[in-house]
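Trainee: Numbering (our numbering), first residue to last: 28 to 400. C-beta atoms are modelled at their ideal positions from N, C-alpha and C, and glycine is treated no differently.
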Amino acid sequence: MRLSVLDIGSNTVRLAVSDTRDGVPLPVHTAKWKLRLSEHVGAQGQLGEAATERLLTAVRAATETAARWGAPEPLAFATTVVREAPDRAEVLRAVRERTGLSLRVLPGEVEAHLTFLGARRWMGWSAGPLSVFDIGGGSLEVAFGRGRMPDFAVSLPLGANRLTNEFLHVSDPPSAAEIVALRRRVRHQLRDVAARIRWEAPHTSVATSRTFQQLARLCGAAPGRRGPFAKRVLRRRDLRVAIDRLAALPAEQRAELPGITRPRARQSLAGAIVGHTAMKLSGVESLVICPWAVREGILLRYLEDGPDWWAEVEHPEAAGRPPESAPPVAATPPRPDGAAPPDAAVSLGQAASLGAAATGHRPLRVALARAKR
28 MRLSVLDIGS NTVRLAVSDT RDGVPLPVHT AKWKLRLSEH VGAQGQLGEA
78 ATERLLTAVR AATETAARWG APEPLAFATT VVREAPDRAE VLRAVRERTG
128 LSLRVLPGEV EAHLTFLGAR RWMGWSAGPL SVFDIGGGSL EVAFGRGRMP
178 DFAVSLPLGA NRLTNEFLHV SDPPSAAEIV ALRRRVRHQL RDVAARIRWE
228 APHTSVATSR TFQQLARLCG AAPGRRGPFA KRVLRRRDLR VAIDRLAALP
278 AEQRAELPGI TRPRARQSLA GAIVGHTAMK LSGVESLVIC PWAVREGILL
328 RYLEDGPDWW AEVEHPEAAG RPPESAPPVA ATPPRPDGAA PPDAAVSLGQ
378 AASLGAAATG HRPLRVALAR AKR
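1. For a minimum of 4 consecutive residues, which ranges assigned as the alpha helix (DSSP H) are wholly contained in the stretch 172 to 238?
2. Looking at the structure shown, is LYS59 part of a helix, part of a strand, or coil, going by DSSP?
3. Quick one: residues in its chain with C-beta nearer than 7 Å to the C-beta of GLY247, no 5 flanking neighbours on either side, listed in chain order?
4. Taking the Cβ atom as the reference point for each residue, do LEU242 and ALA305 lie within a distance shorter than 7 Å?
5. Taking 7 Å as the threshold (C-beta atoms), are VAL68 and LEU62 in contact?
6. Along the chain, where does the beta strand (DSSP E) containing ASP34 start, and where does it finish?
7. Hey, how far is the Cα of PRO54 from the Cα of ALA204?
8. Reducing DSSP to helix, strand and coil, say where PHE104 ends up.
9. What residue range is occupied by the uninterrupted alpha helix (DSSP H) comprising VAL301?
10. So, for SER236: in the same chain, excluding its five sequence neighbours on each side, which residues have a beta-carbon less than 7 Å away from its beta-carbon?
11. Mapping DSSP to helix, strand and coil, what is LEU157?
12. Write down the C-beta distance between PRO52 and LEU157 rounded to the nearest angstrom, noting that I regard them as a contact closer than 8 Å.
13. In the DSSP assignment, what residue or residues form a beta bridge with ASP46?
14. Of all the options ALA274, PRO99, ARG115, PRO250, which has the alpha carbon lying nearest to the alpha carbon of PRO200?
15. Would DSSP call ALA98 helix, strand or coil?
16. For ALA278 versus ARG293, is the C-beta distance shorter than 7 Å?
17. Our contact map puts THR231 next to ALA154 with C-beta atoms below 8 Å; I'd like the distance itself, whole angstroms only.
18. Tell me whether ARG253 is buried or exposed, calling it buried when 16 or more other Cβ atoms sit within 10 Å of its Cβ.
19. Helix, strand or coil: how does DSSP classify VAL40 here?
20. What does a CB cutoff of less than 6 Å around TRP336 pick up in its chain, not counting 5 residues either side in sequence?
21. Look up SER166 in the DSSP assignment and give the residues it is bridged to.
22. For ALA85, count neighbouring C-beta atoms within 10 Å of its own C-beta (all shown protein chains included) and say buried if the count is 16 or more, exposed if not.
23. Exposed or buried, which one is ARG126 when buried takes at least 16 other CB atoms within 10 Å?
24. Look up LEU261 in the DSSP assignment and say whether it is helix, strand or coil.
25. With ARG48 and GLY97 assumed to form a contact (beta carbons below 8 Å), what rounded beta-carbon distance in angstroms separates them?
26. Looking at the structure shown, is ILE287 part of a helix, part of a strand, or coil, going by DSSP?
27. When burial is assigned at 16 or more other CB atoms within 10 Å of the CB, is SER202 buried or exposed?
28. Do the CB positions of SER37 and ASN188 come within less than 7 Å of each other?
29. Helix, strand or coil for LEU401 per DSSP?
30. Are the stretch 281 to 296 and the stretch 106 to 120 touching, with three or more C-beta to C-beta distances below 8 Å?
31. Can you tell me whether ARG147 is buried or exposed? The criterion is at least 16 other CB atoms within 10 Å of its CB, across all chains shown.
This is the structure we're talking about:
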């Protein structure tokens, strides 16, 4: 069977077509459209007519590409840039009516759950208790778990592009005061989540996303041409040195560094600061770079739980409804050594509330409790 996933992010629309024999999504074709939607939103975050038209063009092209490669209608989802848009309902309705594609909007916590599943399947059970970090354009997802799905997952408004626009937009390269203000925001947002990760004491910590991949390459990891099976590790001490290197250069010159692409050069410093701060506060010395993330997580859930799982994801028509209360989640599990969680650590229920407040979205009707089964 051949399936495809369409990922609409803050910077890029990506299509991944995969063969799924034996329950393993193996890529056969990928395509991307660099829309940089986050740079075309209005003052209040709305996408507006021009950005919507660009999105519609990319969706039509992606659907046609998937069909040429023998895949049915893509499993299409959007993340922060659409999730937070005040005109989200209008955008989703336009996609459905003018392309025939039902575009889902993933809440941050669901995105974190699916990213964790992709990372768990790639790393395997030998990874043991696993923590996962993913930096996107608009948000940072953090998850921890001992099994197939995470015990703890949260989404925070710490995306590389978002923070660049908020803190590093005055001068190029940014001033010391701008960087200090950015660090202060990141530390404040990550404090409780990082305390939970420290308490859980993961055996393995991994990072996904293009931001982490490019930072790892900057710090000496193998280039992409060596393929997905080359082991890539990002060490905290190396990332600290890279921050000083990035901070000293204007965006145009950062694009000349190993691994830093021109479209992401401007936001690379903010991504490095978020990554280093998350590692430091969580007590993580190094991260294994994992090539599987949310797109693979969606394919795996679809293969393992069936089409009904995807059908239960919120339909576009429901996008404009008022928020519902967060679904119930389990209480904080005991540590194997019997230690109690520190007072600073958030519980699972607090984490769900924290993520919902931080990203300003309503949860899907897909219950996170069911996602953990």
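Mentor: With the given structure in hand:
1. At a cut-off of 4 residues, the continuous stretches assigned as alpha helix (DSSP H) that sit fully inside the stretch 172 to 238 are 187 to 194, 203 to 227.
2. strand
3. ASP265
4. no
5. no
6. 29 to 35
7. 44 Å
8. Residue state, collapsed to three classes: strand.
9. Start and end: 295 to 309.
10. ASP161, ILE162, GLY163, ALA320
11. strand
12. Not really, about 19 Å apart at Cβ, beyond 8 Å.
13. In the DSSP output, where bridge partners are listed per residue, ASP46 has ARG29, LEU53.
14. ALA274
15. ALA98 falls in the coil class under three-state DSSP.
16. yes
17. 4 Å
18. exposed
19. strand
20. ARG328
21. Looking at the DSSP assignment, SER166 forms no beta bridge with any residue, so it has no partner.
22. buried
23. Correcting the residue identity first, residue 126 is Thr in this sequence and not Arg. Classification for THR126: buried.
24. strand
25. Contact doesn't hold; Cβ gap of about 13 Å is too wide.
26. coil
27. When all chains shown are included, SER202 counts as exposed.
28. yes
29. Any question about residue 401 goes unanswered here, given that the chain covers just 28 to 400.
30. no
31. buried
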